[in-house]
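Structure first, then comments.
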Amino acid sequence: MEMAFKERERRWQHREETMMATNREREAERDLDAREKQIRRSGNNGEKVSGMGDDIEADSGQEEYYKDRSRWGFHRQQFRAHTREAMEAELNNEKEILTLSTIGASQNNSVKPELTLNLASKCRAALMALAEDEEFDDEELKLQPFVSKRIVEYLGVQEDELVSFGIDHLRNKKSAEDLTKGMMMVC
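Heads up: the sequence shown begins at 1 in the UniProt record's numbering, then just goes up one per residue.
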């Protein structure tokens, strides 16, 4: 059972790593495309500006800067504000991703103690019902799958020591309180 879990975990890990690598490649391509566009735009602007003469442009009045300077200033402020907002949004997204990843890591570390602390209380109800239920005989074929299924359900992995302890306890028809005390000692 543990081997199957490890195999699933390994496959999941591989799938996640592949997906992350693909995302990194896509992001790198997007960044490269954005840089190329920026260079092309700045190159076009450079050619445009180098060919300009203030006097000639002021006379022709094709560019907004020369046509209506206050309107150009307003549009320029809007453009800069939009750029600033986009940069702040990107920074906030990065901070949120970082926060979520650290929260996820801390939650993963806190799961194991919680599982072991709640084992006795969760197993208690299920195993008490089994201990008091007379339909289960002392047959290994009936007890072992049930007990191991409950242990895997509550812990996530099969603990052979706990399974054998539960089967022995049920075989000897001890009380549920004894089972709880014994489980606390085994954990």
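C-beta: ideal position from N, C-alpha, C; glycine also.
Just so we're clear, the structure is a prediction, and the values are computed from it rather than from any experiment.
Cβ-based neighbour list, residue i, same chain, cut-off 7 Å, excluding 5 preceding and 5 following
{"i": "Glu153", "result": "none"}
{"i": "Gly182", "result": "Phe165 and His169"}
{"i": "Glu9", "result": "none"}
{"i": "Ala81", "result": "none"}
Residues of its chain near residue i, where Cβ-Cβ distance is below 8 Å and the 5 sequence neighbours each way are ignored
{"i": "Thr102", "result": "none"}
{"i": "Ile151", "result": "Cys123, Gln158, Glu159, Leu162, Val163 and Gly166"}
{"i": "Lys37", "result": "none"}
{"i": "Glu135", "result": "With a pLDDT of 49 at Glu135, under the threshold of 50, the modelled position of this residue cannot be trusted; read the value that follows with caution. Taken in chain order, the list of residues that qualify is empty."}
{"i": "Glu25", "result": "none"}
{"i": "Val111", "result": "For Val111, the predicted structure reports a pLDDT of 47, less than 50, and the residue's modelled location is therefore unreliable. The matter cannot be settled from this model."}
CB contact check: residue i to chain B, cutoff 8 Å
{"i": "Arg15", "result": "Given the protein chain composition of this structure (a single chain), no chain B is represented."}
Nearest-angstrom beta carbon gap, residue j and residue i [assumed within contact, 8 Å]
{"i": "Glu85", "j": "Trp72", "result": "Not a contact, Cβ separation roughly 20 Å."}
Own chain, CB closer than 6 Å to residue i, minus 5 neighbours either side, in chain order
{"i": "Lys79", "result": "The amino acid at residue 79 is misidentified as Lys; the sequence shows Phe. The answer is none, since no qualifying residue turns up."}
Three CB pairs or more closer than 8 Å across the stretch 149 to 159 and the stretch 1 to 9: The stretch 149 to 159, when compared against the stretch 1 to 9, does touch it at the 8 Å Cβ threshold.
The stretch 142 to 152 / the stretch 163 to 170 touching (three or more Cβ pairs under 8 Å): yes
Entirely enclosed alpha helix (DSSP H) segments - the stretch 3 to 90, minimum 4 residues: 54 to 60 and 64 to 67
Runs of alpha helix (DSSP H) lying entirely within the stretch 136 to 168, each at least 4 residues, in chain order: 140 to 155
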